[in-house]
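Asks:
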Amino acid sequence: MHLARSERKVFQSFFYVSNSPWNLYDLLEDFLHINDLPKGPILLRDFGIPYQSSPVDYKGHKFEHAARILRTYPHLPFVMIGDSGENDADIYLELSRAFPGQVRAIYIRDVRHIKRSQRVAQLIREVADVDIRLIHNYREAAMHAADIGLISKLCFDRLRNK
Numbered sequence: 123m124h125l126a127r128s129e130r131k132v133f134q135s136f137f138y139v140s141n142s143p144w145n146l147y148d149l150l151e152d153f154l155h156i157n158d159l160p161k162g163p164i165l166l167r168d169f170g171i172p173y174q175s176s177p178v179d180y181k182g183h184k185f186e187h188a189a190r191i192l193r194t195y196p197h198l199p200f201v202m203i204g205d206s207g208e209n210d211a212d213i214y215l216e217l218s219r220a221f222p223g224q225v226r227a228i229y230i231r232d233v234r235h236i237k238r239s240q241r242v243a244q245l246i247r248e249v250a251d252v253d254i255r256l257i258h259n260y261r262e263a264a265m266h267a268a269d270i271g272l273i274s275k276l277c278f279d280r281l282r283n284k
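In the numbering used here, the protein residues as written are 123 to 284.
Shown next, in the form of structure tokens:
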């Protein structure tokens with residue numbers, strides 16, 4: 123998500139990067155529409171292409187697409203949102219180090235799988251240079267984003283009342 127502010131309006135661009143295969147595109151597009159989420163490109167992986175045939179330095183679909191977005195827009199700040207179900211925290215931390223200053227915050231939603239949540243919590247404790255949070259719901263993320271000036275208090279109030 124790209125964040126830029128003016129005095130009158132908040133402008134946000136969203137990029138959706140998922141490890142889901144392309145055959146779920148319609149379902150994801152419907153999900154975004156039903157939940158009134160902002161429009162943006164949905165970057166999915168090709169179904170059935172094994173990772174074994176990928177180049178040695180390939181870091182995965184999500185990392186590669188997010189890195190391409192960050193390289194394309196080096197002047198824009200980003201917020202990354204993922205969950206503790208896979209390796210989102212690891213991927214986003216690596217991206218924040220590869221693109222210093224571009225990643226303003228990382229929010230990892232706790233999917234309530236004890237071992238995964240503990241692993242992500244430990245990873246967060248070991249990191250001091252990146253603003254990464256393990257959250258239980260997106261209201262927590264919105265509250266933190268408002269506290270650090272990523273979204274306006276008015277925007278937070280609207281999100282809270284939805």
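Every residue gets a Cβ at the ideal spot worked out from N, C-alpha and C, and that includes glycine.
Owing to the predicted nature of the structure, the values given are computational and were not obtained by experimental measurement.
#1: With DSSP collapsed to three states, give me the class of Phe169.
#2: Report the partner residues of Val139 according to the DSSP bridge assignment.
#3: With a floor of 4 residues, list each alpha helix (DSSP H) that falls wholly inside the region 233-284, ordered by position along the chain.
#4: If you run the structure through DSSP and keep just helix, strand and coil, what is Asp205?
#5: From the DSSP output, in three-state form, read off Tyr342 for me.
#6: Roughly how many angstroms separate the alpha carbons of Asp232 and His197, rounded to a whole number?
#7: Classify Tyr229 as buried or exposed, calling it buried when 16 or more other Cβ atoms lie within 10 Å of its own Cβ.
#8: Evaluate the contact criterion for the region 261-269 versus the region 233-244: three or more CB pairs, one atom per stretch, below 8 Å.
#9: For Ala227, decide whether its Cβ has a neighbour in chain D, counting only Cβ atoms nearer than 8 Å.
#10: Measuring only the C-alpha atoms, how far is Val178 from Ile164?
#11: Taking only the alpha-carbon atoms, compute the straight-line gap between Ala268 and Ala220 and give it to the nearest angstrom.
Replies: In short:
#1: Three-state result, Phe169: coil.
#2: In DSSP, Val139 forms a bridge with Leu165.
#3: Contiguous alpha helix (DSSP H) elements confined to the region 233-284 occur at 236-247, 260-269 and 275-282, taking only those with 4 or more residues.
#4: Collapsing the DSSP output to three states places Asp205 in a strand.
#5: Here the chain comprises residues numbered 123 to 284, so residue 342 is not present and cannot be evaluated.
#6: A direct Cα-to-Cα measurement between Asp232 and His197 gives close to 30 Å.
#7: With 16 or more other Cβ atoms within 10 Å, it is buried.
#8: Here the region 261-269 does not lie against the region 233-244, with fewer than 3 beta-carbon pairs under 8 Å apart.
#9: In the structure shown, chain D does not exist; there is a single protein chain.
#10: At Val178 the pLDDT is 49, less than 50, meaning the model places this residue with poor confidence; the figure from the coordinates comes in the next sentence. Cα to Cα, Val178 sits roughly 26 Å from Ile164.
#11: So the two alpha carbons sit approximately 26 Å from each other.
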